[in-house]
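To keep things clear, I will list the structure first and then write my remarks on it.
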Amino acid sequence: MFLSELYRYPVKSGQAQSLQASRVGLLGLQGDRRWMVVEEENGRFLTQRAWPHLGQLQACDDDEGQLLLQAPGRVPLRVPVPATDEALRGVTIWRDTLRVPDAGDAAAAWLTALLGKPVRLVYCPEQRARYLPNGYGFNSDRAAFPDGFPLLLIGQGSLDELNRRIGRPMEMLRFRPNLVVRGAEPFAEDGWKRIRIGNLEFRVLKPSVRCIFTTIDPATGQRSADREPMVTLKTFREKEGDVLFGQNLAVDGSGWLETGMQVEVLE
Numbered sequence: 108m109f110l111s112e113l114y115r116y117p118v119k120s121g122q123a124q125s126l127q128a129s130r131v132g133l134l135g136l137q138g139d140r141r142w143m144v145v146e147e148e149n150g151r152f153l154t155q156r157a158w159p160h161l162g163q164l165q166a167c168d169d170d171e172g173q174l175l176l177q178a179p180g181r182v183p184l185r186v187p188v189p190a191t192d193e194a195l196r197g198v199t200i201w202r203d204t205l206r207v208p209d210a211g212d213a214a215a216a217w218l219t220a221l222l223g224k225p226v227r228l229v230y231c232p233e234q235r236a237r238y239l240p241n242g243y244g245f246n247s248d249r250a251a252f253p254d255g256f257p258l259l260l261i262g263q264g265s266l267d268e269l270n271r272r273i274g275r276p277m278e279m280l281r282f283r284p285n286l287v288v289r290g291a292e293p294f295a296e297d298g299w300k301r302i303r304i305g306n307l308e309f310r311v312l313k314p315s316v317r318c319i320f321t322t323i324d325p326a327t328g329q330r331s332a333d334r335e336p337m338v339t340l341k342t343f344r345e346k347e348g349d350v351l352f353g354q355n356l357a358v359d360g361s362g363w364l365e366t367g368m369q370v371e372v373l374e
């Protein structure tokens, strides 16, 4: 088995970046979901579930370490990383509330024009990261702005089996993984507890619960008229009302990941 793909999502619900290599640590892949768009009025987070225009948002780090925002028809904007303890804004992501630095008026105006709604852009320094959901991981584990966990792994074999059942190909990016593993049987990752990739060990914490987000085509932003892949997933991947696909991970220590690295199941 080997690591075949690496993805990060600099802004939550924005477009993916495909990587050949990345540093990984406490909060997952370096730069993954460290930024988030929130409602100006109440600080509640926005996603493509309700705001599909976020799927047009491209973001990456420039040569100076600033965030570069781009979208079709928009002049690109560079956003400096805000200071850890300045311009703090209260935000809500699912059941978590926290105070994190606001990225400033220029970023807010740019994103407000893109979405047609008053919004702000916020940043998560490591010192202000969230705890994981109760009952999962260690007390030392943290996450920035993913839905709950620092890393998501999916086996390519699992997607291949899903596509076979649907009868047409679904893109891996519908499921927004960080790590894709080739060479394993379909859904083999469901039985893993600890794995090693390169010199790093990862703990498998819980299955990923899927939602309507997976029905959005990552290239076009359009929803599947037949509600795939959720319709098919519900026929064989539903457990106690939750549709499961992929596994959430935490990493022990820090280091580098690179596509092509061997994946070893330790437990």
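Following our numbering, the numbering of the sequence shown begins with 108 at its first residue and continues without gaps.
Glycine included, every Cβ here is placed at the ideal spot set by N, Cα and C.
Computed from a predicted model, the values in this text were never measured in an experiment.
By the beta-carbon neighbour count (other beta carbons within 10 angstroms, threshold 16), Pro183 is exposed.
Secondary structure at Gly298: helix, using DSSP grouped into helix, strand and coil.
The DSSP-derived three-state label of Met337 is helix.
For Met143, the pairing in a beta bridge is given by DSSP as Val229. For Gln124, the enclosing beta strand (DSSP E) covers residues 124 to 126. CA-CA distance, Ala190 to Asp209, rounds to 9 Å.
With the rule of 3 Cβ pairs closer than 8 Å, the segment 199 to 207 does not count as touching the segment 359 to 371. Boundaries of the beta strand (DSSP E) around Arg206: 203 to 208. As DSSP reads the structure, Lys313 sits in a beta bridge with Asn355. For Leu269 against Thr327, the beta-carbon gap comes to about 20 Å, at or over 8 Å, which does not count as contact. By the neighbour-count criterion, in which a residue is buried when 16 or more other Cβ atoms sit within 10 angstroms of its Cβ, Gly121 is buried.
In the three-state reduction of the DSSP assignment, Trp158 falls in the coil class, being assigned neither a helical nor a strand state.
Excluding the 5 residues flanking it on each side, Ala250 has same chain C-beta neighbours closer than 7 Å at Leu134, Ala236, Arg237, Leu239, Phe256, Pro257, in chain order. Here the C-alpha atom of Thr322 lies approximately 8 Å from the C-alpha atom of Gln329. For the segment 219 to 287, the full-length alpha helix (DSSP H) segments reaching 4 residues or more read 263 to 273 along the chain. Counting only residues of its own chain and dropping the five nearest sequence neighbours on each side, Pro159 has a CB closer than 6 Å to the CB of Gly328. Secondary structure note for Phe109: its beta strand (DSSP E) is the uninterrupted segment 109 to 115. Rounded to the nearest whole angstrom, the C-alpha separation of Pro187 and Gly274 is 45 Å.
Between Arg141 and Tyr243, the gap from beta carbon to beta carbon reaches 8 Å or more. Note: Phe152 is bridge-paired with Val145 in the DSSP secondary-structure output. Around the beta carbon of Ala215, a 10 Å sphere encloses 16 or more other beta carbons of the protein chains shown; the residue is thus reported as buried. Shown here for Met277: same chain residues with a beta carbon closer than 6 Å to its own, the five before and five after excluded, namely Asn270, Pro336 in chain order. The C-alpha of Asp349 is placed about 31 Å away from the C-alpha of Ser129.
Per the C-alpha coordinates, the member of Cys318, Asp324, Lys300 positioned closest to Lys341 is Cys318. Taking Ala178 as the centre and dropping the five residues before and after it, the same chain places the C-beta of Gln163, Leu164, Leu221 closer than 6 Å to its C-beta, in chain order. Distance between Met279 and Leu266, taken at the CA atoms: about 7 Å.
Bounds of the beta strand (DSSP E) holding Thr199 are 195 to 200. Burial check for Gln127: the Cβ neighbour count within 10 Å stays below 16, so the residue is exposed.
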